[in-house]
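No gaps in the numbering here: position 118 of the sequence shown is 118 in full-length UniProt numbering, and each next residue is one more. By construction, the Cβ of each residue, glycine as well, lies at the ideal position given by its N, Cα and C atoms. Structure first, commentary second.
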Amino acid sequence: MRFADFFENDEPAYDVFNACHQIVFAESNGSTEYLERIGLEARLVYLLWCFDGEVHNGGFDQLFFNSLGDHCLEILEGLRRIRANKSTELLEKALSWFPESMPSSDRETRWKQLEQYEDDENYESGLDDLDKEFYKYEDNLAELLHNFVRSNKEASVYA
């Protein structure tokens with residue numbers, strides 16, 4: 001299955017995401033994702049689509065505390081690749097709360113990295129400000145991802 005298979009659809013990136021979602025959760029317990037089953041370009045679409053939903057649902061704080069946060073650095077590279085400049089800037093600022101802007105890819109370790117900010121009003125208000133900026137949706141990640149899918153017609157959904 002290639003990206004070109006989704007070109008007839010109005011929202012090809014959404015359809016690639018849905019195909020990936022089925023693949024990564026196939027024969028899973030419902031909470032374990034098998035990202036190694038999908039191709040590199042498909043992984044970018046999948047992770048960025050999840051990122052968009054995660055931040056819109058609960059902000060950068062939710063991203064850091066949920067399992068998607070395991071992939072923050074990969075998401076950052078994906079944002080750069082599709083030229084989502086504002087989202088890149090906002091994620092970089094959010095990541096600056098971590099030591100050397102490097103969140104752990106292990107969820108529990110990442111939680112420990114942020115424990116020091118548990119009652120820090122600057123942390124909360126800082127992330128809230130970044131959330132508000134993100135909600136302006138200056139990059140329109142969905143459209144950037146649709147364009148990415150259209151420009152990578154030979155990319156495989158499967159690894």
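Inter-residue spacing [alpha-carbon to alpha-carbon] between residue i and residue j
i: A42; j: Q62; result: 23 Å
i: F25; j: F17; result: 12 Å
i: A19; j: I82; result: 20 Å
i: A4; j: L144; result: 16 Å
i: R107; j: D52; result: 19 Å
i: G30; j: H21; result: 11 Å
i: A155; j: G39; result: 7 Å
Three-way DSSP call (helix, strand, coil) for residue i in this model
i: S105; result: coil
i: R83; result: coil
i: Y34; result: coil
i: S151; result: coil
i: S125; result: helix
i: A13; result: helix
i: E92; result: helix
Bridge partners - residue i, DSSP secondary structure assignment
i: S156; result: R2
Sub-9 Å separation of residue i and residue j beta-carbons
i: F60; j: L90; result: yes
Open item on the list: Check whether the region 71 to 84 and the region 117 to 127 are in contact - that is, three or more C-beta pairs closer than 8 Å.
Closed with: no
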